[in-house]
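Residue numbers (our numbering): 53 to 475. Reviewing the structure listed below.
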Amino acid sequence: MRAPRGTRIRRGQRVRRNDGLAHERARRRRRVATSVSFDLIDDSAKLSRLLDVLEREPRIALDTEFHRERTYFPRLALIQVAWGGGIAVIDPLAVDIQPITRIFGDANLIVLHAAQQDMDVLAHAVGRVPARMFDTQIAAGFLGFSTPSLASLVNAQLKIALPKGDRLTDWLRRPLTDGQLAYAASDVEHLLELHDRLCSDLSERGRLVWAEDACEELRTRKTGPGDPADAWLKQKDLRGMKPRTRGILASLAEWRERRAMASDIPPRQVLPDLALHGIAQRDPSSLGELGQARGVDDRHTRGSIGPEILEAVARGRDRRADLPASDGEELDRHLRPAITLVSAWISEVARTNDVDTVLLATRNDIVSLLRRDNDARLASGWRFDLVGLQIEDLLAGRSGLSFDGRGGLRLISAATEPLDNGV
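Encoded structure:
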């Protein structure tokens, strides 16, 4: 399939931004990271032609570059895509990228690495995420890797060293250098080959479905910011506060979050955490008292900010801000010791089976199963097959845990016969 007409760029070559897209078929990439070449997509006509090609591709590698240090919402700076016929770098500052949702349907599998933030960025930028997605970082977690970087995974699986980039690159600055664009393109250059290798290894171990299920969990999770009413739960030292102080803090944190969202700036730029706590403790009733709170300066008392803060304080005086129960507090007393015990055993199972513990079960997952929640992740699917069923045997007294003499744990039956942790 012919690559879309666009600007062909090699590392070290000057970008000819006004040239038409090359007609030649994209050449086979050498297994040298510095040989990356790509098409720069910086107008709507080029994007349309690119999408015409991509819509017919069963798999598309995708990555994004973005910044969120100076804004509340992430700002998309680049989208990189790779397919069987080439690589393209799309400039969302030069072209409306809403049409990219054309490749987010069931016909295209989107391959990414460490996709969680990419999902958030895409959801904010175009209002949706791909209908089908494969995360190579998640997949690697079922083959003995623990949240590997793209560079380390490509090196381990494909024996290719990716180029090192400048972590301080401002991807929103224009023009980007040829080297910066080439570095961005290199992030997707080997993703499809990596996908092939991982799927082959997973299939050999009977774990491809596990990886696909875990990717779907990530794809369908809620994206975007949380409820502003819960922003106060991110603060420290909540348990030591008086209920009235905590209520004021909760009201202030909600006000700060909503103002930050409306202005698209980080919440700390609206009001720093120090001021948040200082105001909650002082409980001011006037601008004069507000100005004396720790962490407050003149900009917090001028204009509309000061009165808004005082209104939030007033609302908070009558607000109940009950802390959620900590892990295990809502369990029957006799089950609470099981959390630590089961957690230790699950870590052993994960190590034995080359599965990233984070993928297998979190502490919250264990509590959810012990609490008999209907949506407990350990109660269904591959997690139930690997550990959930055996945890139920533990709780029912049909089995127990013991040390194996080598510093590990083993599952034993009620008759003290060892049971195999492996699969």
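Just so it is clear, CB atoms sit at the ideal spot from N, CA and C, and this is done for glycine as well.
Where residue i falls: helix, strand or coil (DSSP)
i           : result
residue 88  : coil
residue 233 : helix
residue 143 : coil
residue 212 : coil
residue 451 : strand
residue 461 : strand
residue 187 : strand
residue 93  : strand
residue 325 : helix
residue 374 : coil
residue 417 : helix
residue 204 : helix
residue 194 : coil
residue 432 : coil
residue 287 : coil
residue 295 : helix
residue 344 : coil
residue 356 : coil
residue 368 : helix
residue 279 : coil
residue 228 : coil
residue 153 : helix
residue 440 : helix
residue 181 : coil
Option in the options with minimal Cα separation from residue i
i           : options            : result
residue 274 : 347, 406, 335, 168 : 168
residue 235 : 388, 218, 284      : 218
residue 289 : 283, 298, 282, 281 : 298
residue 121 : 132, 320, 450, 227 : 320
residue 212 : 183, 426, 184, 243 : 243
residue 5   : 360, 370, 267, 331 : Within the shown structure, residues of the chain are numbered from 53 to 475, placing residue 5 beyond reach of any answer.
residue 119 : 316, 153, 160      : 316
residue 408 : 186, 266, 156      : 266
residue 158 : 107, 241, 388      : 107
residue 400 : 459, 184, 445      : 459
residue 257 : 269, 151, 406      : 406
residue 176 : 116, 332, 223      : 116
residue 376 : 224, 228, 151, 282 : 282
Bridge partners - residue i, DSSP secondary structure assignment
i           : result
residue 118 : 128
residue 138 : 135
residue 174 : Per DSSP, none; premise fails for residue 174.
residue 111 : 161
Expected contact under 8 Å - CB spacing of residue i and residue j to nearest Å
i           : j           : result
residue 342 : residue 336 : 4 Å
residue 466 : residue 439 : That belief does not hold up - the Cβ atoms of residue 466 and residue 439 are roughly 18 Å apart, past 8 Å.
residue 209 : residue 246 : 6 Å
residue 126 : residue 173 : 5 Å
residue 137 : residue 105 : 7 Å
residue 163 : residue 112 : 7 Å
residue 161 : residue 142 : So it is not a contact: roughly 19 Å between Cβ atoms.
residue 454 : residue 442 : Actually they do not touch by this definition, with Cβ atoms about 14 Å apart.
residue 410 : residue 199 : 7 Å
residue 239 : residue 270 : At roughly 19 Å, the Cβ-Cβ gap does not stay under 8 Å, so residue 239 and residue 270 are not in contact.
residue 139 : residue 90  : 4 Å
Neighbourhood of residue i by C-beta distance below 7 Å, restricted to the same chain and skipping five residues each side
i           : result
residue 221 : 232
residue 249 : 209, 210
residue 251 : 260
residue 479 : Because residue 479 is not part of the residues shown, which for the chain are 53 to 475, the question remains open.
residue 83  : Only weak support is given to the placement of residue 83: the predicted model assigns it a pLDDT of 45, under 50, and the question is left unresolved by the model.
residue 431 : 421, 440
residue 155 : 103, 106, 107, 112
residue 358 : 339, 342, 352
residue 436 : 430
residue 153 : 178, 180
residue 183 : 156, 157, 158
Cutoff 6 Å; reference residue i; Cβ partners in own chain excluding five residues on either side
i           : result
residue 171 : 181, 275
residue 428 : 420, 421
residue 310 : 280
residue 456 : 462
residue 284 : 301, 302, 305
residue 334 : 345
residue 146 : 94
residue 307 : 364
residue 323 : 308
residue 313 : 124
residue 434 : 262
Contact set for residue i: own chain, Cβ-Cβ below 8 Å, skip 5 residues either direction
i           : result
residue 205 : 165, 188, 189, 192, 197, 246
residue 254 : 191, 194, 195, 260, 262, 263
residue 330 : 345, 346, 347, 348
residue 66  : In this prediction, residue 66 has a pLDDT of 38, which is less than 50 and means its spatial position is unreliable; what the coordinates show is noted afterwards. So the list reads 230, once near-sequence residues are dropped.
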